[in-house]
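Step one of this worksheet: look at the structure below.
Number of protein chains: 2
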Amino acid sequence: MPTTLHSPLDMHLHLRDGEMLKRVAPLSAYTFSGALVMPNLVPPVTSKEEILEYRSRIIKAIGNENFVPYMTLFFQPTYTREFLESVQDEITAIKLYPAGITTNSEGGVSGFEIGALRPTLEAMSELGIPLCIHGETNGFVMDREAEFVPIYESLALHFPKLKIIMEHITTKESVAALDRFENLYATITLHHLMITLDDVAGGMLQPHLFCKPIAKRPEDREALLRVALAAHPKVMFGSDSAPHPREAKECPGCAAGVFTAPIALQMLVELFESNGAPIENLQKFISDNARKIYQLTPVKKEVVLQKSPFVVPEIYDGVVPFHAKTTLQYTIHTVI
Amino acid sequence: MPTTLHSPLDMHLHLRDGEMLKRVAPLSAYTFSGALVMPNLVPPVTSKEEILEYRSRIIKAIGNENFVPYMTLFFQPTYTREFLESVQDEITAIKLYPAGITTNSEGGVSGFEIGALRPTLEAMSELGIPLCIHGETNGFVMDREAEFVPIYESLALHFPKLKIIMEHITTKESVAALDRFENLYATITLHHLMITLDDVAGGMLQPHLFCKPIAKRPEDREALLRVALAAHPKVMFGSDSAPHPREAKECPGCAAGVFTAPIALQMLVELFESNGAPIENLQKFISDNARKIYQLTPVKKEVVLQKSPFVVPEIYDGVVPFHAKTTLQYTIHTVI
Numbered sequence: 032m033p034t035t036l037h038s039p040l041d042m043h044l045h046l047r048d049g050e051m052l053k054r055v056a057p058l059s060a061y062t063f064s065g066a067l068v069m070p071n072l073v074p075p076v077t078s079k080e081e082i083l084e085y086r087s088r089i090i091k092a093i094g095n096e097n098f099v100p101y102m103t104l105f106f107q108p109t110y111t112r113e114f115l116e117s118v119q120d121e122i123t124a125i126k127l128y129p130a131g132i133t134t135n136s137e138g139g140v141s142g143f144e145i146g147a148l149r150p151t152l153e154a155m156s157e158l159g160i161p162l163c164i165h166g167e168t169n170g171f172v173m174d175r176e177a178e179f180v181p182i183y184e185s186l187a188l189h190f191p192k193l194k195i196i197m198e199h200i201t202t203k204e205s206v207a208a209l210d211r212f213e214n215l216y217a218t219i220t221l222h223h224l225m226i227t228l229d230d231v232a233g234g235m236l237q238p239h240l241f242c243k244p245i246a247k248r249p250e251d252r253e254a255l256l257r258v259a260l261a262a263h264p265k266v267m268f269g270s271d272s273a274p275h276p277r278e279a280k281e282c283p284g285c286a287a288g289v290f291t292a293p294i295a296l297q298m299l300v301e302l303f304e305s306n307g308a309p310i311e312n313l314q315k316f317i318s319d320n321a322r323k324i325y326q327l328t329p330v331k332k333e334v335v336l337q338k339s340p341f342v343v344p345e346i347y348d349g350v351v352p353f354h355a356k357t358t359l360q361y362t363i364h365t366v367i
Numbered sequence: 032m033p034t035t036l037h038s039p040l041d042m043h044l045h046l047r048d049g050e051m052l053k054r055v056a057p058l059s060a061y062t063f064s065g066a067l068v069m070p071n072l073v074p075p076v077t078s079k080e081e082i083l084e085y086r087s088r089i090i091k092a093i094g095n096e097n098f099v100p101y102m103t104l105f106f107q108p109t110y111t112r113e114f115l116e117s118v119q120d121e122i123t124a125i126k127l128y129p130a131g132i133t134t135n136s137e138g139g140v141s142g143f144e145i146g147a148l149r150p151t152l153e154a155m156s157e158l159g160i161p162l163c164i165h166g167e168t169n170g171f172v173m174d175r176e177a178e179f180v181p182i183y184e185s186l187a188l189h190f191p192k193l194k195i196i197m198e199h200i201t202t203k204e205s206v207a208a209l210d211r212f213e214n215l216y217a218t219i220t221l222h223h224l225m226i227t228l229d230d231v232a233g234g235m236l237q238p239h240l241f242c243k244p245i246a247k248r249p250e251d252r253e254a255l256l257r258v259a260l261a262a263h264p265k266v267m268f269g270s271d272s273a274p275h276p277r278e279a280k281e282c283p284g285c286a287a288g289v290f291t292a293p294i295a296l297q298m299l300v301e302l303f304e305s306n307g308a309p310i311e312n313l314q315k316f317i318s319d320n321a322r323k324i325y326q327l328t329p330v331k332k333e334v335v336l337q338k339s340p341f342v343v344p345e346i347y348d349g350v351v352p353f354h355a356k357t358t359l360q361y362t363i364h365t366v367i
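Structure follows, in structure tokens:
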């Protein structure tokens with residue numbers, strides 16, 4: 032029996048720019064109704080003009096597909112209320128990066144003095160603009176996210192009306208924080224539901240599984256799976272699909288990022304099914320929860336997946352996907 | 032003032048075979064008096080004939096250098112006392128690999144039933160043949176060595192006269208075990224004294240720093256440094272220098288191993304100096320402790336290191352070394 036997903040949303044996506052944008056945007060646009068587009072370009076997206084230009088480049092790259100790029104601004108503590116009011120209609124959220132923590136995050140926030148961030152965060156709170164955060168400290172790589180949880184909690188406490196989305200969570204500590212504060216939400220990637228550090232570095236080293244935050248311990252993956260499979264209402268799918276050219280991955284100084292956009296739905300159906308979770312829960316995880324959290328009405332798109340073997344391509348136009356060359360159980364049958 | 036090291040010994044070295052042996056053996060033979068040569072070839076070294084043939088290939092590869100390859104046998108629980116007596120004069124130790132735990136270890140030991148290992152280990156104990164162990168379980172990659180410590184301790188307890196060397200230790204748990212049993216010893220690599228998982232995967236992913244056991248946490252590195260810098264009498268230098276062709280490292284499925292042999296002495300002098308440890312301690316770590324533990328009398332070799340900048344080559348005949356292209360403070364001046 033085919034499985035139908037209604038208006039899937041990817042609430043954390045890297046579309047890049049230039050040539051790479053043209054390669055990857057159509058792949059997301061084919062199966063998703065929309066995606067929250069990350070602003071970590073070089074230079075980052077920090078003005079109304081840049082948002083509008085980037086959106087038009089995305090739409091041009093997509094062609095005729097029925098797909099909405101939900102735009103984000105790169106957080107800067109200098110944003111005033113007036114500025115935010117002037118861009119509010121063009122954005123869905125603002126993304127905060129701690130400085131230097133991931134790809135093109137050099138211009139991010141150094142230190143987390145609530146005082147320095149207060150004017151901008153208060154204005155966002157009043158205007159109802161959600162804050163998305165890449166929550167990692169600059170501590171030891173396996174501890175960075177857990178060490179950031181108190182910062183999430185402090186922000187949640189100081190700005191109780193601000194919707195704070197803990198992006199691409201990877202630890203049981205972040206999962207536990209979800210239920211401690213009403214205004215904390217989370218996205219979870221496909222790959223963090225499937226792999227641990229053992230898959231990255233437990234056998235041979237696998238550069239195409241290397242990402243930030245790095246995949247964690249088995250008990251962390253279990254905690255993520257638990258809330259995703261149960262369609263916890265504060266949890267949304269965000270692929271964090273992050274394409275890099277093959278030569279930037281298979282080299283010394285391999286870039287962080289796993290490319291999952293074109294195979295995410297197929298793998299998620301299989302993952303939910305193999306774990307005995309109802310397809311209704313996947314529908315919530317992949318779309319309904321995000322609609323409620325972000326108050327979105329996505330464009331109508333029905334993705335029909337059929338149980339027939341699909342071999343993940345070795346490469347998509349220069350970008351090696353997650354689990355390249357493996358055989359999946361589900362294939363995209365039609366998109367209406 | 033130049034620094035002189037007397038008859039340095041590398042008590043854990045991979046020389047490989049064939050073309051790779053010819054490339055790397057002369058590099059170790061130039062600055063070391065001898066090295067304990069690991070037996071994980073394909074197929075592994077398990078007979079007297081294989082030991083003698085491998086040794087003669089090593090000696091041929093080295094040429095005229097004044098260097099002794101101390102040979103090891105690949106542990107098999109089928110070795111009888113008669114067999115061990117027949118090979119005893121040709122080997123310095125026997126190396127035990129848990130099955131599948133590292134490069135070419137597929138033929139290693141599965142499970143650690145003391146009963147099944149007893150006849151061989153008792154014979155080794157009686158004959159005075161040291162047992163070197165790659166101590167990792169098949170658990171989560173960051174826990175494998177700590178989980179193996181109880182196995183080390185059980186072996187130490189059951190075979191109190193058997194010298195057991197915990198190879199390339201990487202954790203504070205292994206360091207702590209050293210002092211709990213008289214017959215437990217350890218080798219420590221250069222790279223585990225210098226890096227943690229942060230260096231491997233905390234920024235960009237660095238395949239040339241990927242090895243087994245994987246580099247651990249900062250507190251683990253501190254524990255290793257403490258006993259190495261203090262020249263703990265049960266601790267010896269073993270580089271675990273493990274060459275792979277560049278193309279086997281910079282690819283999906285990157286092989287485990289860091290290549291340090293040609294720059295180990297230069298880096299160790301700098302490491303001890305920068306940490307305020309006396310050069311006498313490095314002399315013990317690099318040679319004297321091993322002489323006592325293994326009861327060796329190495330060939331005389333004086334390595335004079337001069338404080339003058341040395342840029343680590345980008346590549347040694349197809350093999351990328353540890354910290355390629357960085358500038359070291361010490362250079363090899365003369366070897367007498």
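Residue numbers (my numbering), protein chains in the order written: chain B, 32 to 367; chain D, 32 to 367. We put the CB at the ideal spot given by N, CA and C, even for glycine.
In this structure, residue 172 (chain D) sits away from residue 205 (chain D), with a CB-CB distance that is not shorter than 9 Å. Counting other Cβ atoms within 10 Å of its Cβ, residue 167 (chain B) reaches 16 or more and is therefore classed as buried. Within the region 229-241 of chain B, contact with chain D at the beta-carbon level (separation under 7 Å) is assigned to 229, 232, 233, 235, 236, 237, 238, 239, 241. Under the Cβ distance rule, residue 225 (chain D) does not count among the residues neighbouring chain B, no pair being separated by less than 9 Å.
Below the 7 Å Cβ cutoff, chain B contributes 232 as neighbours of residue 245 (chain D), in chain order. By the Cβ neighbour-count rule, residue 326 (chain B) is exposed, with fewer than 16 other Cβ atoms within 10 Å of its own.
Residue contact check for residue 172 (chain D) against chain B: a CB pair falls below 9 Å. Near chain B, meaning a CB-to-CB distance below 8 Å, the residues of the region 248-259 of chain D are 248, 249. Residues of the region 277-304 of chain D whose Cβ lies closer than 9 Å to any Cβ of chain B, in chain order: 280, 281, 282, 283, 284, 285, 286, 287. For residue 217 (chain B), DSSP records a beta bridge to B:197, B:266.
In the three-state reduction of the DSSP assignment, residue 131 (chain D) falls in the coil class, being assigned neither a helical nor a strand state. A Cβ-Cβ distance of about 5 Å is found for the pair residue 195 (chain B) and residue 162 (chain B), placing them in contact under the 8 Å criterion. Taking residue 355 (chain B) as the centre and dropping the five residues before and after it, the same chain places the C-beta of 239, 343, 344, 345, 346 closer than 8 Å to its C-beta, in chain order. Among the CB atoms of chain B, one or more fall inside 9 Å of the CB of residue 351 (chain D). The Cβ neighbour count for residue 207 (chain B), taken over all protein chains shown within 10 Å, is under 16; the residue is labelled exposed. Listed in chain order, the beta strand (DSSP E) runs fully inside the region 56-122 of chain B are 65-68, 99-105, counting runs of at least 3 residues. The criterion of a C-beta distance shorter than 9 Å is satisfied by residue 214 (chain D) and residue 192 (chain D). When beta bridges are read from the DSSP output, residue 205 (chain B) appears opposite no residue.
Each residue's CA atom was taken as its position, placing residue 86 (chain B) and residue 176 (chain B) some 31 Å apart. In this chain, the alpha helix (DSSP H) harbouring residue 325 (chain B) covers 320-325. A direct Cα-to-Cα measurement between residue 242 (chain B) and residue 337 (chain D) gives close to 42 Å. Taking the CA atoms as reference points, residue 284 (chain B) sits about 49 Å from residue 117 (chain D).
Under the three-state reduction of DSSP output, residue 46 (chain B) falls in the coil class, being neither helix nor strand. Take the alpha-carbon of residue 139 (chain B) and the one of residue 164 (chain B): they are about 11 Å apart.
Residue 365 (chain B): member of the beta strand (DSSP E) spanning 358-366, first to last residue.
If the five residues before and after residue 92 (chain D) are omitted, its C-beta is found closer than 6 Å to the C-beta atoms of 52, 53, 56, all from its own chain and listed in chain order. Across the set B:70, B:157, B:111, B:174, the C-alpha of B:70 shows the shortest separation from the C-alpha of residue 125 (chain B).
When Cβ pairs closer than 8 Å are counted between the two stretches, the region 262-280 of chain B is seen to touch the region 313-322 of chain B, the count reaching three or more. Short of 6 Å from the beta carbon of residue 189 (chain D), and not among the five residues preceding or following it, lie these beta carbons of its own chain, in chain order: 145. Straight through space, the alpha carbons of residue 335 (chain D) and residue 228 (chain B) are spaced by roughly 42 Å. Contact between residue 34 (chain D) and residue 310 (chain D) is confirmed by a C-beta separation of about 6 Å, below the 8 Å threshold. Per DSSP, residue 162 (chain D) lies in no alpha helix (DSSP H); the unbroken beta strand (DSSP E) holding it starts and ends at 162-164. If you draw a straight line from the Cα of residue 149 (chain D) to the Cα of residue 277 (chain D), it comes to about 41 Å. Under the DSSP definition of a beta bridge, residue 328 (chain D) lacks any partner.
At least 9 Å separates the beta-carbon of residue 143 (chain D) from that of residue 184 (chain D).
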